[in-house]
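Asker:
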Amino acid sequence: MNETSEFQNRRLRCLVVDDEQPAQWVLSNFINQTASLELIACAYDGLEAVKVMKGNEIDLLFLDINLPGMGGLEMLNILEKQPMIIFTTAFSSYAINSFDYNVVDYLVKPISRELFDRAVKRAFDRVKPGEEVQEDEAQDKARIIEVNTGGDFEYVEAGKIMYIQSYGNYVKVFTTTRMILGTSTTHKMFSTLPKSLFLRVHKSYIVNKDFIGSYNNSGIMVDKEKLPIGISYRQSVISRLEMLKTIK
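Here it is in structure tokens:
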């Protein structure tokens, strides 16, 4: 149980490098649904990735080897400091040489959620006990979230947001004191929220884990409201909630 708690209290900063947009989308979605990970950026080739890494500290690199221009292995050879690497490629023959680098795991496309989770767990197994990777949950709760209300802005602490609902071209942000109608989408809102607190449970709903009263396979109770869990989100949402339950 201590190992699980330690795993959950850390967040690794991730960079996805892949020239195929569908692959970027899958990995970005998996990362955004994982509380212990934070997506910093996506890059289409090695040169773009190097530029991102010059301005950002990256802990975990999801890297396709076969890239246009500067390839994945070529990029690794010029880095002064290598992050942990998870290779993601359609060509399993590359696996023989990939372990000359700081490789955590090797995933062959199409990547399943199960194999993704296994690879991420291996990455956390390499993090030294007690090492700080990202801000703690108290800081996340105090983070100020900006909500565009159409010509004006409202500001609310992340820890006071109970859930967010899609509402046509708007979002309803339900806080502990009021509802804010914002001119945004759940996708854009989720990208601004701390992943240690929030879960994307449906294409139309984002939930703060601290306000979840109960749940089952079909829905979550938040502030006496039953919110649906989307089929495509169900496995990751239930897995995370079960894990959170074990460490409370």
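So the sequence shown is numbered by numbering that gives the first Met the number 0: it starts at 0 and just counts up by one. Ideal placement from N, C-alpha and C gives every residue a C-beta, glycine not left out. Only a predicted model underlies this, so the values are computations on that prediction, with no experimental measurement involved.
1) For residue 12, which residues does DSSP report across the bridge?
2) Around the C-beta of residue 188, are 16 or more other C-beta atoms found within 10 angstroms, so that it is buried, or is it exposed?
3) So residue 71 and residue 63 are supposed to be a Cβ contact under 8 Å. How far apart are they, rounded?
4) Could you tell me the alpha carbon to alpha carbon distance between residue 213 and residue 191, rounded to whole angstroms?
5) Taking only runs that begin and end inside the segment 167-210, name each unbroken alpha helix (DSSP H) of 4 or more residues, in chain order.
6) Should residue 58 go down as buried or exposed, given a rule of 16 or more other Cβ atoms within 10 Å for buried?
7) Would you grab the beta carbon distance between residue 228 and residue 200 for me? Rounded to a whole angstrom, and I think it's under 8 Å.
8) Say whether the segment 140-157 touches the segment 103-121, bearing in mind that this needs 3 or more beta-carbon pairs closer than 8 Å, one atom from each stretch.
9) First and last residue of the alpha helix (DSSP H) that includes residue 31?
10) Where does residue 2 sit, in a helix, a strand or coil, going by DSSP?
11) If we call anything under 9 Å between Cβ atoms a contact, is residue 162 one with residue 181?
12) What are the residues that DSSP puts in a beta bridge with residue 156?
13) Restricting to Cα atoms, I'd like to know which of 49, 82, 124 is closest to residue 68.
14) With a threshold of 7 Å on Cβ separation, who are the neighbours of residue 27 within its own chain once the five nearest residues in sequence on each side are excluded?
15) With a CB to CB cut of under 6 Å and the five nearest residues on each side skipped, what residues in its chain are close to residue 234?
16) For residue 86, which option in 236, 108, 153, 196 has the closest C-alpha, if you only look at C-alpha atoms?
17) Could you tell me how far apart the beta carbons of residue 211 and residue 219 are, in whole angstroms, since I believe they sit closer than 8 Å?
18) How long is the line joining the alpha carbons of residue 186 and residue 146, rounded to whole angstroms?
19) Can you tell me whether residue 197 is buried or exposed, with buried defined as 16 or more other CB within 10 angstroms of its CB?
20) Within this structure, are the beta carbons of residue 32 and residue 232 separated by less than 9 Å?
21) Identify, in the order they occur along the chain, each residue of the same chain with its Cβ nearer than 8 Å to the Cβ of residue 51, setting aside the five sequence neighbours on each side.
Answerer: In short:
1) As a first step, residue 12 is located in the sequence shown; it is residue number 13 there, counting from the start. According to DSSP, residue 12 bridges with 37.
2) Residue numbering aside, residue 188 sits at position 189 when the sequence shown is read from its first letter. Residue 188 counts as buried, since no fewer than 16 other beta carbons sit within 10 angstroms of its beta carbon.
3) For the purposes of this step, residue 71 is taken as the residue at position 72 of the sequence shown. For the purposes of this step, residue 63 is taken as the residue at position 64 of the sequence shown. The Cβ separation is near 6 Å, so the contact holds.
4) As a first step, residue 213 is located in the sequence shown; it is residue number 214 there, counting from the start. As a first step, residue 191 is located in the sequence shown; it is residue number 192 there, counting from the start. Whole-angstrom Cα-Cα distance: 25 Å.
5) 185-191
6) Residue 58 sits at position 59 when you count from the first residue of the sequence shown. Looking at its Cβ environment, which holds 16 or more other Cβ atoms inside 10 Å, residue 58 is buried.
7) Position 229 of the sequence shown, counted from the start, is the residue given in the question as residue 228. Position 201 of the sequence shown, counted from the start, is the residue given in the question as residue 200. Correct: roughly 5 Å between the Cβ atoms.
8) no
9) For the purposes of this step, residue 31 is identified with residue 32 of the sequence shown, where counting begins at 1. Residues 20-31.
10) Your numbering for residue 2 matches position 3 in the sequence shown. Because residue 2 sits at a pLDDT of 35, beneath the cut-off of 50, its placement in the model cannot be relied upon, and the following sentence gives the value as read from the coordinates. In this structure, residue 2 counts as helix in the three-state DSSP scheme.
11) Working through the sequence shown from its first residue, we reach residue 162 at position 163. Working through the sequence shown from its first residue, we reach residue 181 at position 182. Not a contact, by the Cβ cut-off of 9 Å.
12) Here residue 156 refers to the residue found at position 157 of the sequence shown. For residue 156, which the question treats as bridged, DSSP gives the partners 143.
13) Taking the first residue of the sequence shown as 1, we reach residue 68 at position 69. Out of 49, 82, 124, the CA that lies nearest to the CA of residue 68 is found in 49.
14) Position 28 of the sequence shown, counting from 1, holds the residue named residue 27. For residue 27, where only same-chain residues beyond five positions count, the Cβ hits under 7 Å are 15, 38, 41.
15) Start at 1 with the first residue of the sequence shown, and residue 234 comes out as number 235. Result list for residue 234: empty, nothing under 6 Å.
16) The residue labelled residue 86 in the question sits at position 87 within the sequence shown. Among 236, 108, 153, 196, the Cα nearest to that of residue 86 is on 108.
17) Numbered from 1 along the sequence shown, position 212 holds the residue referred to as residue 211. Numbered from 1 along the sequence shown, position 220 holds the residue referred to as residue 219. That belief holds up - the Cβ atoms of residue 211 and residue 219 are roughly 6 Å apart, short of 8 Å.
18) Translated into the one-based positions of the sequence shown, residue 186 becomes position 187. Translated into the one-based positions of the sequence shown, residue 146 becomes position 147. Approximately 13 Å, taken between the alpha carbons.
19) As a working note, residue 197 is residue 198 in the sequence shown. Buried.
20) As a working note, residue 32 is residue 33 in the sequence shown. As a working note, residue 232 is residue 233 in the sequence shown. Yes, the pair counts as a contact, with Cβ atoms nearer than the cut-off.
21) The residue labelled residue 51 in the question sits at position 52 within the sequence shown. The answer, listed in chain order, is 14, 39, 40, 42, 57.
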